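Read the structure below first, then the notes.
In the working numbering, the protein residues as written are 80 to 419.
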């Protein structure tokens, strides 16, 4: 009896040891492309129309979602749909081509059309994101000119709200004489009543010696509608009221109630090129022909590691400027931008 037991235990130990020596295949996610290529790794993110896959045999791989015919993930991922719903589970492409999300026990299986998926493993809500841009210019010869510009913007998006801020400082000299200097800042809070409709309260401040402005203050509430809010594109339109006040250095001070109409647009042209345009119009309610307009258009080309080359144009128009000042100011900004 003891001999038989010893033999059985010896055999079991031998088989266990033999199995331990066999090659172990780590589980991995699997992606199949329409050309038959099979990729294994870990699905890390879906942003816009690009799926990112980390591998242990190459740099992270970027795949166009339209080329993918099959996705199977070994571990749960977080999915955010375009309708605003958040799901968590492993993924598997079903026989009918839909994307099946196998949620935790008790929550069941959900099938989605891939075009309804906004993001996979999106950045968590409540974190700050934004960019800082700096530019300079030094000219000698027929023209002696130096210029420096510093800009920054940041956004914090929560489940129900969004807080944004913007700052721009501009200074230049010609032949050692100050030729321009301005400081601009803006703060804005949005509260979402639905996934797309929100109310806002905003304030803008501007100091510009060469516009005869000690301080321009614009503050007021309104409503907005988020038409798109995707990694590929975003568009919001807003309408509201604003208290508009110009504290001049020389001319008489002015203040009035104005309407506020605005549009904010962003479009990802390619993986490395982003276009943005922010337009705001302030027509006076006392005289609709009296208005101020500000438009900021920019295009950024990615250089890698968060850096990009940014070209921007800021247009300010006032159809009734202070005496001795022009109605239109147009500033070009070319510099390095760092996104965080």
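Think of the CB as a built atom: it goes at the ideal place given N, C-alpha and C, for glycine as much as any other residue.
Everything numeric in this text was worked out from a predicted model, so none of it was measured.
Here the C-alpha atom of residue 216 lies approximately 13 Å from the C-alpha atom of residue 415. Taking 9 Å as the cut-off, the beta carbon of residue 242 is found no closer than this to the beta carbon of residue 261.
The shortest C-alpha to C-alpha distance from residue 164 to any of 378, 198, 140 is the one to 198. Distance between residue 186 and residue 156, taken at the CA atoms: about 15 Å. In this structure, 386 is the residue among 391, 402, 386 with its C-alpha nearest to the C-alpha of residue 419.
As the crow flies, the alpha-carbon of residue 269 is around 5 Å from that of residue 240. Beta-bridge analysis with DSSP links residue 367 to no other residue. Residue 235 sits in a strand when the DSSP states are folded into three classes.
DSSP links residue 353 through a beta bridge to 347, 379.
DSSP, reduced to helix, strand and coil, places residue 194 within a helical segment of the structure shown.
Put simply, the backbone Cα of residue 250 is about 55 Å away from that of residue 114. For the beta strand (DSSP E) assignment, the uninterrupted runs of no fewer than 3 residues enclosed by the stretch 210-295 are, from N- to C-terminal side, 224-236, 240-253, 256-271, 276-287. Contact annotation: residue 108 and residue 120 have beta-carbon atoms nearer than 9 Å.
Residue pairing by DSSP puts residue 305 in a beta bridge opposite 315.
According to DSSP, residue pairing for residue 119 in a beta bridge involves 109.
With contacts defined by Cβ atoms closer than 9 Å, residue 406 and residue 392 do not form a contacting pair.
Ranked by how close their Cα comes to the Cα of residue 354, the residues 370, 314, 378 have 378 in first place.
Just measuring C-alpha positions, the residue of 381, 412, 331 sitting nearest residue 399 is 331. Take residue 190, set aside five residues on each side of it, and the residues of its chain with a beta-carbon closer than 6 Å to its own are 177, 179, in chain order.
In the DSSP assignment, residue 401 falls outside any beta strand (DSSP E), carrying neither H nor E.
With 16 or more other CB atoms across the displayed protein chains lying within 10 angstroms of its CB, residue 371 is buried. The closest CA to that of residue 162, considering only 234, 287, 219, 307, is found on 307. Between residue 401 and residue 361, the CB-CB gap reaches or exceeds 9 Å. Around the beta-carbon of residue 206, fewer than 16 other beta-carbon atoms lie within 10 Å, marking it exposed.
Nearest in C-alpha terms to residue 412, of all of 236, 375, 169, is 375. Minimum Cα-Cα distance from residue 257 among the listed residues 227, 395, 200, 368 corresponds to 227. Setting aside the 5 residues that flank it on each side, residue 275 is surrounded in the same chain by 304, 305, each with a C-beta closer than 6 Å to its C-beta; the list follows chain order. Within the same chain, Cβ atoms closer than 6 Å to the Cβ of residue 324 are found at 296, 334, the five residues on either side in sequence being excluded. Rounded to the nearest angstrom, the gap between the Cα atoms of residue 203 and residue 112 is 29 Å.
A distance of 9 Å or more separates the beta carbons of residue 382 and residue 342.
Residue pairing by DSSP places residue 300 opposite 280 in a beta bridge. Residue environment analysis places residue 373 among the buried positions, since at least 16 neighbouring C-beta atoms fall within 10 angstroms of its C-beta.
A Cβ-Cβ contact shorter than 9 Å links residue 302 with residue 317.
Classified as exposed, residue 117 has fewer than 16 neighbouring CB atoms from the shown chains inside 10 Å of its CB.
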